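Here is the structure we will look at.
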Amino acid sequence: MERTWWKESVIYQIYPRSFYDSNGDGNGDLAGATAKLDYLKDLGIDIIWLSPIFKSPNHDNGYDISDYRAIMDEFGTMEDFGRLLSEAHARGIKIMLDLVANHTSDEHPWFIESRKSRDNAYRDYYIWHDGKNGGPPNNWESFFGGPTWEYDDKTGQYYMHLFVKQQPDLNWENPDVRHEIYDMMKWWFDKGVDGFRMDTVNMYSKAPGFPDGEPIPGTPYGDKSPHMHNGPRIHEFLKEMNREVLSKYDIVTVGEAPETSVEDAILYTGFDQGELNMVFTFEHMWTDYQNATQWCDLKFDLVKLKNALSSWQTGLHEKGWNSLYWNNHDQPRVVSRFGDDGEYREVSAKMLAACLHMMQGTPYIYQGEELGMTNVAFSGIDDYDDVATVNAYREYTENRGVSHGDMMRYIHQTSRDNARTPMQWDNTENAGFTTGKPWLKVNPNYPVINAKAQVNDPDSVFGFYKKLIRLRKEHPVIVYGDYELLLPDHPAIFAYLRKLGGETLLTVCSFQKECVEFSVPDILPLEKAKLLLSNYDSPDITRTFTLQPYEARVYLFA
Ligand code: TEU
Ligand code: CA
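Everything in the sequence shown is counted per my numbering, starting at 6 for the first residue and increasing by one.
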């Protein structure tokens, strides 16, 4: 397999609004991110992914862009961005931006023009359609509630929006749209950015004719999923983008791709495909979903989680490349989700880190994950900001018979705002995130969980992430080794082997607080075992040993 820098890198996601506020207005900003570069350098990461920083009316926190070539007012200026980029580069850190090109804001000048008249030059930049039987063109429900279509009085047609109505979908069938996006990408690359994370990249191509989806019981809607994910022209579009833009630069790309199978992923990321470097899969994120929705309080199933991750590990091996993530700005905090955010918070946060980082792929760390930050439980819906959460609360309590209490429990478990509370820097007011009033409340556990308490402690969660990142640089088997799952049906242990040349790496993780026994496979010679990493004090290796609560061990046999 070809060795490349983006396979050997660790990526850190900054959600700028919640990272660090440099001027006391309550919103994190670009100067704030610059101020924390030394913290990231100390952690050891290679690349920063910045969630959208572009001009936006913020109906979906920057994922609704009104000018792709300008910086959002709250985040600063283009000079601030230039400083962040050059200061990052000076530290050997690369920066990737978030390409949100499935849709724009309804305040984007293209859409303002598009809705003016049916013969406007920008009409076909978006997806306009006549209604059907006095209603929308089809029965698709938008991701964040309500129909996928919005009627526009002015011209008597509907436009498509897979997300909120302030996020009209671009019409990728139109070559002018594609070339506008490519030009914009080149413009950023020419400024020196190092890559793009591509939002909802597998939604650009929709099924021709926009067919109705299968009815979803208990709702007036149909399932849009098979008609707007991985559509018929998606690979043609991405190959074109690669040919015209990506292949001209030494950059890194990752596409967000829900509802994508391993076979699809090989098409997107295949080394010989000329599309993307990697995609984000969602299978492991859906192991605690019920009836295809996050709004429930189901506990995840470890066997499902292992199978989801392992099928990607083996399926992409030597064909394409994996991204590895537990967290991002859309997901609840992993220590609360798959670990224990009470008594075993620190050990389980470390175990989860080891479990993920020892797999094949490029690991992503979402801000605060390296501190073991947890979910939050605000008492009322008014404390929530996320449009998906607020809309779901209304829909489920008003139309789907869910009680306030149940819905709040679901929100505490799964809301995107769990990830978006401000970064916890120290134990001073507002966690040291801002001297003003934070845009979203700080998690009240900041006096205990914060960066200041951890950065100088090698035994902290932060210290553990540092070690993980360092090990990746020292042992090619962590990056390039093949993967074999052990004990696929074991309900509490996640264990696997990685092999490269004569070396074997064994990772063993317990996902429970009860002690549990593990036996090292007979083919591995115990006398050759070297302990690389553990979240307990130097345990001894025996053929069979007992794993403590949420224990993780990584051994190298060389
Ligand atoms: O997320 C796409 C998205 O919302 C998916 O997570 C989708 O809801 C899920 O697959 C359904 O199961 C991206 C961004 O990460 C998110 O923050 C934005 O709100 C969204 O696109 C719209 O741009
Ligand atoms: Ca600010």
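We treat Cβ as the ideally placed atom computed from N, Cα and C, and that holds for glycine.
Given the structure is predicted, the values throughout are model-derived calculations rather than measurements.
Q.
Can you look up Thr433 in the DSSP assignment and give me helix, strand or coil?
A. coil
Q. Along the chain, where does the alpha helix (DSSP H) that runs through Ser316 open and close?
A. Leu307 to Leu321
Q: Tell me whether the beta-carbon of Gly275 lies closer than 8 Å to the beta-carbon of Gly223.
A: no
Q) Tell me the DSSP bridge mates of Glu178? A) Looking at the DSSP assignment, Glu178 forms no beta bridge with any residue, so it has no partner.
Q) Is it right to say Trp317 is buried, meaning 16 or more other beta carbons lie within 10 angstroms of its own, or is it exposed? A) buried
**Q.** Among Trp145, Tyr294, Asp199 and Asn396, the one whose alpha carbon lies nearest that of Val259
**A.** The shortest C-alpha to C-alpha distance from Val259 to any of Trp145, Tyr294, Asp199 and Asn396 is the one to Asp199.
Q.
Strictly by DSSP, which residues pair up with Gln295?
A. Thr298
Q. Within 7 Å: the Cβ of Ser61 and any heavy atom of ligand 2?
A. no
(Q) Residues around ligand 1, please: the condition is that the C-beta lies closer than 5 Å to some non-hydrogen atom of it. (A) Asp65, Tyr68, Phe148, Phe168, Asp204, Thr205, Pro263 and Asp335
Q. What is the DSSP secondary structure of Arg503, counted as helix, strand or coil?
A. DSSP, read as helix, strand or coil, puts Arg503 in strand.
Q.
Between Asp387 and Asp422, how many whole angstroms is the CB-CB distance? I'm expecting something under 8 Å.
A. Their Cβ separation, rounded to whole angstroms, is 12 Å, which puts Asp387 and Asp422 out of contact at 8 Å.
Q) Just to check, is the beta-carbon of Ser56 closer than 7 Å to a non-hydrogen atom of ligand 2? A) Incorrect: Ser56 has no Cβ contact closer than 7 Å to ligand 2.
Q: For Thr551, count neighbouring C-beta atoms within 10 Å of its own C-beta (all shown protein chains included) and say buried if the count is 16 or more, exposed if not.
A: exposed
Q: Could you tell me which residues DSSP puts in a beta bridge with Asp72?
A: Lys60
Q: Specify, as a first and last residue, the run of the alpha helix (DSSP H) that Phe469 falls within.
A: Val466 to Glu479
Q | Which of helix, strand or coil DSSP assigns to Asp103 | A | strand
Q: State the start and end residues of the unbroken alpha helix (DSSP H) segment that holds Leu536.
A: Here Leu536 belongs to no alpha helix (DSSP H); instead the beta strand (DSSP E) covers Ala534 to Ser539.
Q. Going by alpha carbons, who is nearest to Lys99 out of Asn143, Gly347 and Thr39?
A. Thr39
Q: Compare the Cα-Cα distances from Trp54 to each of Asp269, Val15 and Asp47 and report the closest residue.
A: Val15
(Q) Rounded to whole angstroms, what is the Cα-Cα separation between Asp204 and Asp51? (A) 21 Å
Q: Could you tell me which of Tyr131, Lys244 and Trp145 sits nearest to Lys137, measuring between CA atoms?
A: Trp145
Q) Would the C-beta of Gly33 count as close to ligand 2, meaning under 7 Å from any of its heavy atoms? A) Residue side-chain check: Gly33 places its Cβ nearer than 7 Å to a non-hydrogen atom of ligand 2.
Q: To the nearest angstrom, report how far apart Pro62 and Asp69 are at their CA atoms.
A: 7 Å
Q. Between Leu476, Gln372, Leu307 and Gly140, which lies nearest to Arg22 when the distance is taken from Cα to Cα?
A. Gln372
Q) Who are the Cβ neighbours of Ser122 in its own chain at under 7 Å, not counting the five residues just before and after it? A) Thr160
Q) What span of residues does the beta strand (DSSP E) with Phe116 cover, start to end? A) That residue, Phe116, is in no beta strand (DSSP E); its alpha helix (DSSP H) goes Pro114 to Ser119.
Q | Same chain, Cβ closer than 6 Å to Leu243, five either side skipped, listed in chain order | A | Glu280
**Q.** Given Tyr560 as reference, the closest of Lys535, Gly385 and Asn540 once Cα atoms are compared
**A.** Lys535
Q) Do you know how far the Cα of Ser119 is from the Cα of Lys304? A) If I take the Cα positions, the gap works out to 45 Å.
Q | Three or more C-beta pairs below 8 Å linking the segment 356 to 364 and the segment 499 to 516 | A | yes
Q) How about Glu79: is its Cβ closer than 7 Å to a heavy atom in ligand 2? A) yes
Q | Per-residue burial, Leu531 [other beta carbons within 10 Å of its own, 16 or more giving buried] | A | Exposure of Leu531 is indicated by the presence of fewer than 16 other C-beta atoms within 10 angstroms of its C-beta.
**Q.** Span of the alpha helix (DSSP H) around Met413
**A.** His409 to Thr419
Q | Rounded straight-line distance, which links the Cα of Asp103 to that of Met233 | A | 21 Å
Q) With distances taken from CA atoms, which of Lys442, Asn396, Asn435 and Ala436 is nearest Ser420? A) Asn396
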